[in-house]
Structures are given as structure tokens and as C-alpha cells.
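Novice: The sequence shown begins at 284 in this note's numbering and counts up one residue at a time.
Before I ask anything, here is the structure I am working with.
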Amino acid sequence: MSRCAIPLVVAVLASLAPQVGFAQRTPLSYSPATAVTPAPLDLRVSMPINKVTQHAPSWSATDIGLASGFLALLWVDASQTRSLARNNWNGYHETNPVLGRQPTEGQINTYTATVAVATVGIAQALPPRTRRWWLGVALALEAYTVYHTTSRLGVSLSVR
């Protein structure tokens with residue numbers, strides 16, 4: 284994997300993460316003295332880029348291209364599916380048996396992140412020739428899924 288592939292995987296996975304929010308329950312007898320304000324979570328990780336890239340696997344440009352294409356189409360597929368879920372699956376249903384007929388946006392996000400990490404992780408473990416086949420098949424399946432959803436079902440091709 285090259286220097287640009289790791290940030291690409293991180294960016295795709297971060298965009299799929301559900302929004303985080305805080306909720307606070309107000310006690311029946313509210314007073315400012317009893318109010319509890321959650322402390323903000325501040326997490327910072329710093330590492331020189333040369334330390335990250337020295338542990339990155341060496342993938343060919345073909346491998347990186349196939350993985351990037353797969354991740355991009357997976358993102359589009361997830362976006363289309365989330366848009367259907369936002370509209371309460373009005374006239375549609377999911378055909379992926381793992382997700383079920385009407386998954387929630389959270390289930391879609393979790394599934395997409397899992398598939399992205401698993402596909403790229405398995406590709407890393409495979410020998411170079413098998414890796415290209417693995418990523419090529421994954422890319423072809425995602426391309427077919429996006430094509431079918433867009434052309435046959437009429438779902439718009441958008442990324443949100």
C-alpha cells in the first residue's frame with residue numbers, strides 16, 4: 284500500500300462513522316448546582332509520516348488502483364443505500380441477506396466499514412497475484428451493484 288492508500292482508507296472509514304452526540308437527562312428537580320456537564324473528549328495522536336509509511340505494505344500501482352476503486356464504489360453503494368433508508372425504503376428493499384430487507388443507517392455504516400477493512404485486510408494477506416484477483420472481483424461486484432441500483436432501480440448516483 285503506498286503513502287496515499289492508508290489516508291484514503293482512513294478517510295473513507297471516517298466518513299462512514301455515525302455522528303456522535305451527547306444527551307443529558309434533566310432531573311425532576313433541576314437546579315444549576317445539580318447539573319452535570321460531560322467533559323469534552325479530546326484525543327490526539329501524533330506520529331511522523333515516515334514512521335507510518337515504513338510499516339505500510341508495498342503494493343503495486345495496480346493493487347492501489349483496484350483497492351481505491353473498490354473503496355470509492357463501496358462508498359457510493361453505501362450512500363445510495365443510506366438514502367433509501369432515510370426515505371423509509373419507500374418501494375424498495377435491500378437484497379443483501381447480511382443486511383436484511385430494511386437496515387438502518389447505523390447498520391449500513393457498520394456493514395460498510397467492516398467490508399472495507401476486511402476486503403483490504405484480506406488483500407494485504409494474499410500474495411500479489413491473488414491480491415489482484417481478489418481486489419478485481421471485489422471491484423467488479425461493487426461496480427455491478429452501483430450500476431444495478433442506479434440504472435435498473437433508478438436510485439440517484441450521489442455521495443452524501
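Ideal Cβ positions, reconstructed from N, Cα and C, are used throughout, including at glycine.
Cα separation between ALA368 and ARG415?
Specialist: 33 angstroms
Novice: Quick one, which of PHE353, ILE347, GLY348 has its alpha-carbon nearest ALA423's?
Specialist: PHE353
Novice: Under 8 angstroms between the Cβ atoms of GLN363 and THR432?
Specialist: A contact, by the Cβ cut-off of 8 angstroms.
Novice: So for GLN385, helix, strand or coil by DSSP?
Specialist: coil
Novice: Taking the straight line between their C-alpha atoms, what separation do you get for PRO380 and LEU349?
Specialist: Their backbone Cα atoms lie some 25 angstroms apart in a straight line.
Novice: Classify ALA408 as buried or exposed, calling it buried when 16 or more other Cβ atoms lie within 10 Å of its own Cβ.
Specialist: exposed
Novice: Less than 8 angstroms between the CB atoms is what I'm expecting for LEU356 and VAL398, so what's the real figure, rounded?
Specialist: With 8 angstroms as the limit, LEU356 and VAL398 do not qualify as a contact, their Cβ atoms being about 11 angstroms apart.
Novice: What three-state label does DSSP hand THR378 in the structure shown?
Specialist: Here THR378 sits in coil by DSSP.
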